[in-house]
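Notes follow once the structure below has been shown.
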Amino acid sequence: MHEWMVDNGLTPHLIVAAREGLELPAEHVKDGKIVLNVSYAAARGLTLGNDTITFETRFAGVARRLAIPVDAVLGIYSREDGQGMLFSEDDPSGAPPSDTPPPTATPPPSPTDGRPKLKVVK
Numbered sequence: 270m271h272e273w274m275v276d277n278g279l280t281p282h283l284i285v286a287a288r289e290g291l292e293l294p295a296e297h298v299k300d301g302k303i304v305l306n307v308s309y310a311a312a313r314g315l316t317l318g319n320d321t322i323t324f325e326t327r328f329a330g331v332a333r334r335l336a337i338p339v340d341a342v343l344g345i346y347s348r349e350d351g352q353g354m355l356f357s358e359d360d361p362s363g364a365p366p367s368d369t370p371p372p373t374a375t376p377p378p379s380p381t382d383g384r385p386k387l388k389v390v391k
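Counting from 270, one number per residue, gives the positions in the sequence shown under the working numbering.
Have a look at this one:
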């Protein structure tokens with residue numbers, strides 16, 4: 270994943286549900302979610318496991334080791350174009366129902382705060 274994104278100039282971000290038991294910096298949690306940059310430059314020692322995503326990153330210059338359960342990941346998108354995918358919050362496996370196409374994210378129409386916004390298109 271990392272090499273492909275670096276080669277294509279994309280910066281991957283994970284949207285994570287900041288649920289109880291996860292040690293996340295509270296000042297970066299908004300509406301019960303946190304966006305984490307998992308690019309090669311930002312995430313040191315990134316390991317994508319079947320159950321957990323682990324890496325070391327910095328928040329305000331302070332190094333933190335994060336262990337994110339895969340079922341807490343709500344989506345992944347590219348900072349540059351907002352393209353990505355959202356996962357269902359209702360289904361802990363993250364798999365969409367077989368009779369419904371998976372939700373997709375579209376680029377934001379011009380965010381005012383400089384951060385990408387995801388929109389589910391049905």
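Cβ coordinates follow ideal geometry from the N, Cα and C atoms, glycine included.
With a CB to CB cut of under 6 Å and the five nearest residues on each side skipped, what residues in its chain are close to residue i?
i, result
"F328", "P294"
"R313", "E325"
"D300", "none"
Give the range of the beta strand (DSSP E) segment to which residue i is assigned.
i, result
"L335", "331-338"
"G278", "Element bounds for G278: n/a, residue is neither H nor E."
"E325", "321-328"
"L305", "302-306"
"L293", "Unbroken run through L293: none, as it is neither H nor E."
Please return the same chain residues whose Cβ sits closer than 7 Å to the Cβ of residue i, not counting the five positions on each side in sequence.
i, result
"S347", "L279, T280, P281, G353"
Measuring CB to CB, does residue i end up less than 9 Å from residue j?
i, j, result
"D320", "V342", "no"
"K302", "I284", "yes"
"A311", "V298", "no"
According to DSSP, which residues form a beta bridge with residue i?
i, result
"S347", "P281"
"L317", "I322"
"A286", "K302"
For residue i, I'd like the list of residues in its chain whose CB is within less than 8 Å of its CB, leaving aside the five on either flank, ordered along the chain.
i, result
"D332", "In the sequence as presented, Asp is not what sits at residue 332; that position holds Ala. Correct list, in chain order: E325, T326."
"I337", "L283, V285, L291, L305, T321, I322, T323"
"R334", "T323, F324, E325"
Would residue i be called buried (16 or more neighbouring beta carbons within 10 Å of its own) or exposed?
i, result
"N277", "exposed"
"D368", "Residue placement at D368 is flagged as unreliable, the pLDDT there being 49, under the threshold of 50; the coordinate-derived value follows with that caveat. Answer is exposed; the Cβ neighbour count stays below 16."
"L317", "exposed"
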